[in-house]
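Novice: First, the structure itself, so that you have it in front of you.
Residue numbers (my numbering): 230 to 408.
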């Protein structure tokens, strides 16, 4: 997308830089780069590894899934990217402050609804995936599926159809037959 700010119009025309998502009227000065690239003096340059957005090739502002931005004591980012560690599959601020957990585990919340950063085994019996909240099952193991009891209560129930082999996301919706 090329923007002509003097005329207040936007037209569809290719920017001069292939890594540029949006450019100014002259086609050469980039305003917004593709993911994994950052603008430095109107030019798109590679971000550090595992970084989606950056302000330089050394300073990341948005880490890829499974990685986090290191934080200073004052809560600002250092711009450095590090990998989350088990049981986190995604994290914030440090490798053990989980925002999403590996299979069979989910994030634990405080009573006020704030995230603790800890992972705990899924509360629902036979739950296969509860990565974003240990109390809420997303999918169940073979032969059972999620049954929503009410807004805050789910369980894994045997697939409703006796000929059903698998129904992981909904016990009434078969995804694989026995025959």
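We put the beta carbon where it would ideally sit given N, CA and C, even for glycine.
Keep in mind the model is a prediction, meaning the values are calculated, not measured.
#1: Buried or exposed: which applies to residue 298, given that a residue is buried once 16 or more other Cβ atoms fall within 10 Å of its Cβ?
#2: The beta strand (DSSP E) that contains residue 384, what's its start and end?
#3: Whole angstroms is fine: what's the gap from residue 256's alpha carbon to residue 339's?
#4: Is the CB-CB distance between residue 389 and residue 354 below 9 angstroms?
#5: Give me the DSSP bridge partner(s) of residue 374.
#6: In chain order, what residues of the same chain lie with their CB nearer than 6 angstroms to the CB of residue 291, ignoring the 5 residues before and after it?
#7: Can you list, in chain order, the residues of its chain whose CB lies under 7 angstroms from that of residue 294, leaving out five sequence neighbours each side?
#8: Run through DSSP, which three-state label would residue 208 get?
#9: Under three-state DSSP, which class holds residue 245?
#10: Which one of 265, 270 and 269 has the shortest CA to CA distance from residue 276?
#11: My output table needs one value for residue 332: the three-state DSSP class, helix, strand or coil.
#12: Please list the segments of the beta strand (DSSP E) lying wholly inside the segment 245 to 293, counting only runs of 3 or more residues, in order along the chain.
#13: In angstroms with no decimal places, state the Cα-to-Cα distance between residue 404 and residue 371.
#14: If you drop the 5 nearest sequence neighbours on each side, which residues of the same chain put their C-beta closer than 8 angstroms to that of residue 286?
#15: Is residue 333 near the ligand GDP, in the sense that its beta carbon is under 8 angstroms from a heavy atom of that ligand?
#16: If you follow the beta strand (DSSP E) that residue 297 is in, where does it begin and where does it stop?
#17: Using a Cβ-Cβ cutoff of less than 7 angstroms, which residues in the same chain neighbour residue 369 once the five nearest sequence positions on both sides are dropped?
#18: If you drop the 5 nearest sequence neighbours on each side, which residues of the same chain put their C-beta closer than 7 angstroms to that of residue 313?
Specialist: Taking the definition as stated:
#1: Burial state of residue 298 is buried, judged by a 10 Å Cβ sphere holding 16 or more other Cβ atoms.
#2: Where residue 384 is concerned, the enclosing beta strand (DSSP E) stretches over 382 to 387.
#3: Residue 256 and residue 339: Cα-Cα distance of roughly 50 angstroms.
#4: No, the pair does not count as a contact, with Cβ atoms beyond the cut-off.
#5: Note: residue 374 sits in a beta bridge opposite 386.
#6: Here the set comprises 281 and 282.
#7: Leaving aside the five residues that flank residue 294 on each side, the residues in its chain whose CB is nearer than 7 angstroms to its CB run, in chain order, 319.
#8: Because residue 208 is not part of the residues shown, which for the chain are 230 to 408, the question remains open.
#9: Coil at residue 245, not helix or strand.
#10: Ranking 265, 270 and 269 by Cα distance to residue 276 puts 265 first.
#11: DSSP places residue 332 in coil when its eight states are reduced to three.
#12: 249 to 253, 259 to 262, 266 to 269, 272 to 275, 280 to 283 and 289 to 292, all fully within the segment 245 to 293.
#13: When rounded, the distance between both Cα atoms is 10 angstroms.
#14: Counting only residues of its own chain and dropping the five nearest sequence neighbours on each side, residue 286 has a CB closer than 8 angstroms to the CB of 267, 269, 274, 275, 276 and 277.
#15: The model on display carries no ligand, and the ligand GDP is accordingly not part of it.
#16: Taken as a continuous stretch (DSSP letters only), the beta strand (DSSP E) holding residue 297 covers 296 to 300.
#17: These residues qualify, in order along the chain: 355, 356, 357, 375, 385 and 397.
#18: 295, 296, 297, 319, 320 and 324.
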